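Have a look at the structure below before the remarks.
Number of protein chains: 2
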Amino acid sequence: MNDNIQSRQLLSELEGEVIALFVRMADVLNLPRSVGEIYGILFISSHPLCLDDCRIRLNISKGSTSQGLKILRSFGAIRTVYIPGDRKDYYVAESSLRKIASGFASEQIQPHVASGHERLERIRDLLDQHDDEQKKELSEKIDLLENWQRRAGKTLPLILKLIGSGRDG
Amino acid sequence: MNDNIQSRQLLSELEGEVIALFVRMADVLNLPRSVGEIYGILFISSHPLCLDDCRIRLNISKGSTSQGLKILRSFGAIRTVYIPGDRKDYYVAESSLRKIASGFASEQIQPHVASGHERLERIRDLLDQHDDEQKKELSEKIDLLENWQRRAGKTLPLILKLIGSGRDG
DNA sequence: CGATGTGTTCAGTAAATTTTGAACATTATG
DNA sequence: CATAATGTTCAAAATTTACTGAACACATCG
Numbered sequence: 004m005n006d007n008i009q010s011r012q013l014l015s016e017l018e019g020e021v022i023a024l025f026v027r028m029a030d031v032l033n034l035p036r037s038v039g040e041i042y043g044i045l046f047i048s049s050h051p052l053c054l055d056d057c058r059i060r061l062n063i064s065k066g067s068t069s070q071g072l073k074i075l076r077s078f079g080a081i082r083t084v085y086i087p088g089d090r091k092d093y094y095v096a097e098s099s100l101r102k103i104a105s106g107f108a109s110e111q112i113q114p115h116v117a118s119g120h121e122r123l124e125r126i127r128d129l130l131d132q133h134d135d136e137q138k139k140e141l142s143e144k145i146d147l148l149e150n151w152q153r154r155a156g157k158t159l160p161l162i163l164k165l166i167g168s169g170r171d172g
Numbered sequence: 004m005n006d007n008i009q010s011r012q013l014l015s016e017l018e019g020e021v022i023a024l025f026v027r028m029a030d031v032l033n034l035p036r037s038v039g040e041i042y043g044i045l046f047i048s049s050h051p052l053c054l055d056d057c058r059i060r061l062n063i064s065k066g067s068t069s070q071g072l073k074i075l076r077s078f079g080a081i082r083t084v085y086i087p088g089d090r091k092d093y094y095v096a097e098s099s100l101r102k103i104a105s106g107f108a109s110e111q112i113q114p115h116v117a118s119g120h121e122r123l124e125r126i127r128d129l130l131d132q133h134d135d136e137q138k139k140e141l142s143e144k145i146d147l148l149e150n151w152q153r154r155a156g157k158t159l160p161l162i163l164k165l166i167g168s169g170r171d172g
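Here the protein sequences line up with chains A and B, keeping their order.
All residue numbers for the first sequence refer to the numbering used here, where the first residue is 4 and numbers rise by one.
All residue numbers for the second sequence refer to the numbering used here, where the first residue is 4 and numbers rise by one.
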């Protein structure tokens with residue numbers, strides 16, 4: 004399951020499998036694999052970990068680890084824990100799916116939706132300048148796109164409501 | 004807006020913008036950009052196009068075009084049109100968001116969900132073999148994962164219902 | 001049958017993305 | 001203040017992914 008002796012020493016088979024699960028999730032969500040690994044090691048850990056803990060157990064570089072933690076912080080998938088008398092930052096995995104999903108939606112998806120909206124306005128403007136025999140037909144296609152956009156926009160918040168309706172948020 | 008003289012001759016500014024919109028959508032859905040381009044040119048075209056029509060207007064290779072059309076067919080984003088007296092296959096963009104979304108869900112998302120489910124079962128088995136002092140704590144984490152999986156599984160069909168509820172399906 | 005039209009496959013190449021690691025910034029410690 | 005501890009940044013390297021184009025398969029045509 005693990006690829007080499009070194010990782011066998013650092014991660015149990017169980018930990019490896021859980022991390023692999025999050026690596027695949029990261030892949031679906033279009034995030035670097037290291038982000039999945041880091042979330043995974045934090046999720047399965049019984050106590051908060053610092054950058055170096057993650058780096059060493061996952062056998063990845065400092066740069067990747069720093070970058071990965073930054074991404075996970077950016078949409079609230081992990082929380083910082085203060086440990087008295089220690090200069091390092093410690094992290095735990097956020098375990099509320101609702102919080103993670105809504106952070107992900109607003110940080111990683113909403114910008115795409117917004118820029119799609121802008122582009123659609125630009126397209127509508129371009130069409131209004133046109134004056135050819137296809138104008139009516141094109142206009143109907145753009146109506147369709149605007150319709151899709153509206154439905155996608157309404158669906159996103161509903162997804163979050165549904166995901167957030169579990170027993171533990 | 005278009006990158007070079009060649010594409011200016013082949014695509015109007017309006018077409019270019021519409022295609023760019025679908026290229027970005029493809030990016031969000033983790034599909035190759037060429038898939039977005041091909042869907043875009045079919046979407047905006049007033050009549051069915053064959054492989055070579057797409058290839059020439061988009062200035063991409065035969066291989067990419069063939070592959071892209073195959074992917075779009077695989078989840079029902081395009082339909083084939085029979086044109087009497089012509090040996091070539093012609094295509095039109097499917098315009099029902101409901102159909103596209105449900106095809107995408109069952110072909111591109113469901114397999115991930117299923118393999119995630121399998122892996123989670125394997126993880127549960129591994130844990131059952133364990134017998135250490137952390138077992139209870141780990142078991143609770145796996146409960147949480149199973150809970151997430153259940154909620155994600157229930158949410159997917161609801162998304163499709165919501166997306167399918169527009170005026171034109 | 002050979003020639004032509006159409007579409008697929010896949011090995012090699014190109015492009016995009018991710019990771020690394022060393023240099024740097026910043027803050028704490030003695 | 002010098003040194004050490006911690007974390008960030010970013011150019012270069014490694015890896016992954018997508019694209020190309022030539023070879024191929026298959027059908028149709030003359």
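Built from N, CA and C at the ideal position, the CB exists for glycine as well.
Being a predicted model, the structure only gives us computed values, none of them experimental.
Per DSSP, the beta bridge partners of tyrosine 93 of chain A are A:Cys53 and A:Val84. The criterion of a C-beta distance shorter than 8 Å is not satisfied by leucine 148 of chain B and glutamate 16 of chain A. Contact check between the stretch 87-101 of chain A and the stretch 123-137 of chain A: fewer than three CB pairs, one atom from each, fall below 8 Å, which does not count as touching. Taking the Cα of glycine 19 of chain B as reference, the smallest distance to any Cα among B:Leu34, B:Leu72, B:Asp30 and B:Gly39 is reached at B:Gly39. Residue burial annotation: alanine 80 of chain A is buried, with at least 16 other C-beta atoms found within 10 angstroms of its C-beta. Not flagged as an interface residue toward chain B: alanine 29 of chain A, since no C-beta distance is shorter than 8 Å.
Around the Cβ of lysine 91 of chain A, a 10 Å sphere holds fewer than 16 other Cβ atoms; the residue is exposed.
Alanine 23 of chain A belongs to the set of residues whose beta carbon lies under 8 Å from a beta carbon in chain B. Between isoleucine 63 of chain A and isoleucine 44 of chain A, the CB-CB gap reaches or exceeds 8 Å. Given a length threshold of 4 residues, each whole run of the alpha helix (DSSP H) inside the stretch 95-128 of chain B is given here in chain order: 100-107. For the 8 Å CB-CB criterion, arginine 60 of chain B and glycine 169 of chain A do not form a contact.
Closer than 8 Å to the CB of histidine 50 of chain A there is not a single CB belonging to chain B.
Not flagged as an interface residue toward chain A: glutamine 113 of chain B, since no C-beta distance is shorter than 8 Å.
For proline 160 of chain B, the three-state secondary structure derived from DSSP is helix. In this structure alanine 104 of chain A touches isoleucine 166 of chain A by the C-beta definition: roughly 5 Å separates them, less than 8 Å. It is roughly 27 Å from the alpha-carbon of lysine 73 of chain B to the alpha-carbon of asparagine 150 of chain A.
Within its own chain, the residues whose Cβ lies closer than 8 Å to the Cβ of leucine 32 of chain B, once the five positions on either side in sequence are excluded, are Phe107 and Gln111, listed in chain order. Serine 98 of chain B has a beta carbon lying within less than 8 Å of a beta carbon in chain A. Counting only residues of its own chain and dropping the five nearest sequence neighbours on each side, histidine 133 of chain A has a CB closer than 8 Å to the CB of Leu141.
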